[in-house]
Amino acid sequence: MEPKPSPRLTAINQPFLRGSNRDELWLQRCVQPACRKFVFYPRVCCPHCGAGALTWEQATGRGQVVSFSRVFRPQHESFFPEAPYYFIAVRLSEGPLFFSRLDHQGLPVETNLIGRQVRAVFVQHTPEQRLPLFELC
Amino acid sequence: MATGGYEGVVIAGVGQTRYEKRTEKTVQHLLWEALDAALGSAGFPMRRVDGLAVTAFVLPPDNVTVVAEHFGLEPRWLSQGAYGGASGVIGMLHGARAIQAGDADVVACLTADVFDVASHMDLMDRFNSSVRDYLGPYGFGGPNGIYALHTRLYMDRYGATREDFGKQAISQRQNALLNPNALFKTPLTMEEYLNARPIADPLRLYDCVLPCSGGDCVILAREDLVASQGGRRVRILGGGEIHNFPVEDVFSLRGGWERFRDRMYEQAGLGPSDMEFVQLYDDYPVMEFVQLESLGFCPPGGAAEFLRKRDTTVGGDFPINTGGGQLSAGQAGASGGMIGVVEAVLQLRGEAGARQLRARRGMVSGYGMVAYGRGLSCSAAILAREA
Ligand SMILES: [Zn+2]
Numbered sequence: 006m007e008p009k010p011s012p013r014l015t016a017i018n019q020p021f022l023r024g025s026n027r028d029e030l031w032l033q034r035c036v037q038p039a040c041r042k043f044v045f046y047p048r049v050c051c052p053h054c055g056a057g058a059l060t061w062e063q064a065t066g067r068g069q070v071v072s073f074s075r076v077f078r079p080q081h082e083s084f085f086p087e088a089p090y091y092f093i094a095v096r097l098s099e100g101p102l103f104f105s106r107l108d109h110q111g112l113p114v115e116t117n118l119i120g121r122q123v124r125a126v127f128v129q130h131t132p133e134q135r136l137p138l139f140e141l142c
Numbered sequence: 007m008a009t010g011g012y013e014g015v016v017i018a019g020v021g022q023t024r025y026e027k028r029t030e031k032t033v034q035h036l037l038w039e040a041l042d043a044a045l046g047s048a049g050f051p052m053r054r055v056d057g058l059a060v061t062a063f064v065l066p067p068d069n070v071t072v073v074a075e076h077f078g079l080e081p082r083w084l085s086q087g088a089y090g091g092a093s094g095v096i097g098m099l100h101g102a103r104a105i106q107a108g109d110a111d112v113v114a115c116l117t118a119d120v121f122d123v124a125s126h127m128d129l130m131d132r133f134n135s136s137v138r139d140y141l142g143p144y145g146f147g148g149p150n151g152i153y154a155l156h157t158r159l160y161m162d163r164y165g166a167t168r169e170d171f172g173k174q175a176i177s178q179r180q181n182a183l184l185n186p187n188a189l190f191k192t193p194l195t196m197e198e199y200l201n202a203r204p205i206a207d208p209l210r211l212y213d214c215v216l217p218c219s220g221g222d223c224v225i226l227a228r229e230d231l232v233a234s235q236g237g238r239r240v241r242i243l244g245g246g247e248i249h250n251f252p253v254e255d256v257f258s259l260r261g262g263w264e265r266f267r268d269r270m271y272e273q274a275g276l277g278p279s280d281m282e283f284v285q286l287y288d289d290y291p292v293m294e295f296v297q298l299e300s301l302g303f304c305p306p307g308g309a310a311e312f313l314r315k316r317d318t319t320v321g322g323d324f325p326i327n328t329g330g331g332q333l334s335a336g337q338a339g340a341s342g343g344m345i346g347v348v349e350a351v352l353q354l355r356g357e358a359g360a361r362q363l364r365a366r367r368g369m370v371s372g373y374g375m376v377a378y379g380r381g382l383s384c385s386a387a388i389l390a391r392e393a
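In the order they appear, the protein sequences are chains A and B. In terms of the numbering used here, the first sequence opens at residue 6 and continues consecutively. In terms of the numbering used here, the second sequence opens at residue 7 and continues consecutively.
Pasting the structure below:
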């Protein structure tokens with residue numbers, strides 16, 4: 006089987022991917038005093054104000070489920086053995102939206118996850134890269 | 007007073023290839039077949055085309071310029087759609103602007119793709135860099151996973167039910183049965199819809215399009231170059247596009263049509279209640295609901311109630327996707343953004359066969375370019391046959 010698709014390491018996203026390998030969630034943050042917003046996915050400029058100066062800060066890893074789906078038909082065959090699994094949109098407490106999966110065991114199928122509090126947990130995605138999934142608080 | 011309309015331009019011809027689940031043909035072949043059919047319909051020889059708008063996901067490493075070379079054209083205006091399923095309508099609107107500006111006389115607006123489920127999923131896994139790097143690695147399930155999240159949220163926020171979405175899918179299937187080019191040939195029952203194979207819950211099989219192969223084309227021309235065609239000329243009365251709207255909210259459950267719809271209706275001198283059919287971009291039923299709301303047919307969150315009271319088949323009081331749409335005719339990649347344009351033009355020319363409406367005007371809508379959590383682009387146009 007092909008390996009799982011993995012994010013490409015770029016000059017822009019290094020702090021995020023290296024942070025994940027230390028089990029830390031790192032986000033970009035705009036340095037403009039009038040803005041100061043957090044940013045994800047990694048960008049070359051702040052999508053809120055257009056400024057180019059972004060720093061990196063470690064995030065809490067906490068957030069809230071905006072929406073969720075049990076995926077039965079993954080887009081890539083490397084995920085087939087794990088299906089069905091929960092694909093989720095998380096509103097991080099710092100503000101940005103983060104798409105990931107729920108690391109879960111024995112969750113009743115009818116559970117409504119919208120609004121549930123979650124926290125990041127890091128899993129070995131490929132031999133080189135760990136990535137943040139989320140678990141219910 | 008309508009401003010910025012599309013005066014001086016007519017839609018002079020329309021063409022569609024056979025839709026097929028599998029084909030040995032290349033995308034260039036399907037593009038040519040659609041173009042050839044549309045030129046035949048317009049009565050123009052190939053060499054009259056001096057403007058070309060092409061959208062085809064599997065075209066790279068070729069592009070619109072290479073397509074012009076392949077077909078032996080010498081165009082003075084070219085455009086390649088980068089707006090996914092919004093590209094069909096946008097290509098037509100931009101082509102009309104080029105004709106108005108004198109940059110072209112005859113513009114072919116052309117889409118095609120060669121797809122099946124596996125190649126569709128492969129494309130979607132690396133559709134753009136945010137999808138490739140920040141969705142694919144989490145097993146997002148392709149567009150099905152993304153729109154499962156939107157569908158779930160829509161149901162949770164507005165109380166729409168699976169049956170509400172099913173009613174629309176079933177109506178489109180009925181329309182498809184009257185379209186010889188639709189890939190689905192048998193009726194869909196509510197029981198089949200509700201109990202179909204789960205794909206990404208709450209989405210099941212019949213909430214998702216069938217990736218396929220095919221091509222679609224309309225020919226635009228300066229009005230003085232086109233004989234009246236016995237009243238079969240079609241005009242663009244209004245249109246618009248918007249991208250990345252609203253910029254700060256991925257889960258607004260709006261597409262952005264509300265941003266330009268007033269101007270579009272003003273250009274046309276018409277309102278939602280004047281539309282005699284609507285060809286919606288139906289990648290998923292929930293997006294049809296969002297379009298009806300954003301285009302002003304009903305208030306936000308009101309589409310389920312609106313549709314419960316209406317019959318959207320070709321025999322009904324509010325026909326939607328009269329050829330079956332992508333859900334029941336098939337989604338030939340980028341042609342999914344043109345199938346509604348072609349269907350609207352066929353209806354207005356009186357060439358829709360067993361599914362022919364008595365309609366003088368209607369709307370077509372486009373939507374696409376899935377990125378980090380939603381489609382980025384939307385478009386719409388109001389079309390009418392000449393009196
Ligand atoms: Zn900023």
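Glycine residues also receive a C-beta, built at the ideal position from the N, C-alpha and C atoms. Keep in mind the model is a prediction, meaning the values are calculated, not measured.
{"Item": "Interface partners of A:N18 on chain B, CB under 8 Å", "Value": "D139"}
{"Item": "Below-8 Å beta-carbon distance, A:H109 vs any chain B residue", "Value": "no"}
{"Item": "Continuous beta strand (DSSP E) assignments of at least 3 residues falling wholly in the stretch 77–101 of chain A", "Value": "90–97"}
{"Item": "Under 7 Å (Cβ pairs) to chain A, residues found in the stretch 100–129 of chain B", "Value": "M127"}
{"Item": "Contact check, B:L141 vs A:F104, beta carbons under 8 Å", "Value": "yes"}
{"Item": "Test: A:Q25 CB closer than 8 Å to a CB of chain B", "Value": "The question names Gln, but residue 25 of chain A in the sequence shown is Ser. For A:S25, the answer is no, since every Cβ of chain B falls outside 8 Å of its Cβ."}
{"Item": "B:Q180, DSSP secondary structure in three states", "Value": "helix"}
{"Item": "Sheet register partners of A:F43 (DSSP bridge)", "Value": "A:R34"}
{"Item": "3 or more residues per run - each beta strand (DSSP E) lying fully within the stretch 9–83 of chain B", "Value": "15–22, 57–61"}
{"Item": "is_contact[B:I205, chain A] using C-beta, thresh 8 Å", "Value": "yes"}
{"Item": "Simplified DSSP assignment, three categories, for A:F127", "Value": "strand"}
{"Item": "Every unbroken beta strand (DSSP E) within the stretch 154–206 of chain B, with a cutoff of 3 residues, ordered by chain", "Value": "204–206"}
{"Item": "Residue of B:Q86, B:G151, B:D56 minimising C-alpha distance to B:V70", "Value": "B:Q86"}
{"Item": "Buried versus exposed, by CB contacts within 10 Å (16 or more), B:H156", "Value": "buried"}
{"Item": "Proximity below 8 Å, CB of B:C218 to CB of B:Y373", "Value": "no"}
{"Item": "Near-chain A residues of the stretch 254–277 of chain B (beta-carbon distance less than 8 Å), N- to C-terminal order", "Value": "E254, V256, F257"}
{"Item": "Reference B:D255, options B:A18, B:Y378, B:T319, closest by Cα", "Value": "B:Y378"}
{"Item": "Cβ of B:L159 within 8 Å of any chain A Cβ", "Value": "yes"}
{"Item": "Selection of the stretch 370–391 of chain B by Cβ proximity to chain A, strictly under 9 Å", "Value": "Y378, G379"}
{"Item": "Coil, strand or helix - A:H53 by DSSP", "Value": "coil"}
{"Item": "Extent of the continuous alpha helix (DSSP H) to which B:G97 belongs", "Value": "93–106"}
{"Item": "Reference B:P325, options B:D128, B:R267, B:M369, closest by Cα", "Value": "B:M369"}
{"Item": "Given B:K191 as reference, the closest of B:I176, B:A340, B:G275, B:L363 once Cα atoms are compared", "Value": "B:I176"}
{"Item": "At least three beta-carbon pairs within less than 8 Å, the stretch 51–58 of chain A to the stretch 32–42 of chain A", "Value": "yes"}
{"Item": "Burial state of B:S334, where buried means 16 or more other Cβ atoms lie within 10 Å", "Value": "buried"}
{"Item": "Assigned secondary structure, A:F104 (DSSP; H/G/I helix, E/B strand, else coil)", "Value": "strand"}
{"Item": "Coarse secondary structure for B:A377, derived from DSSP in three states", "Value": "coil"}
{"Item": "Rounded C-alpha distance that separates B:M52 from B:D42", "Value": "8 Å"}
{"Item": "Residues bridged to B:S383 [DSSP beta-bridge criterion]", "Value": "B:H249, B:G374"}
{"Item": "Identity of the residue in A:E140, A:F127, A:I93, A:F85 nearest A:Q110 by Cα", "Value": "A:E140"}
{"Item": "Beta-carbon proximity check, B:F295 vs B:Y160, cutoff 8 Å", "Value": "yes"}
{"Item": "C-beta neighbour in chain B for A:R41, strict 8 Å", "Value": "no"}
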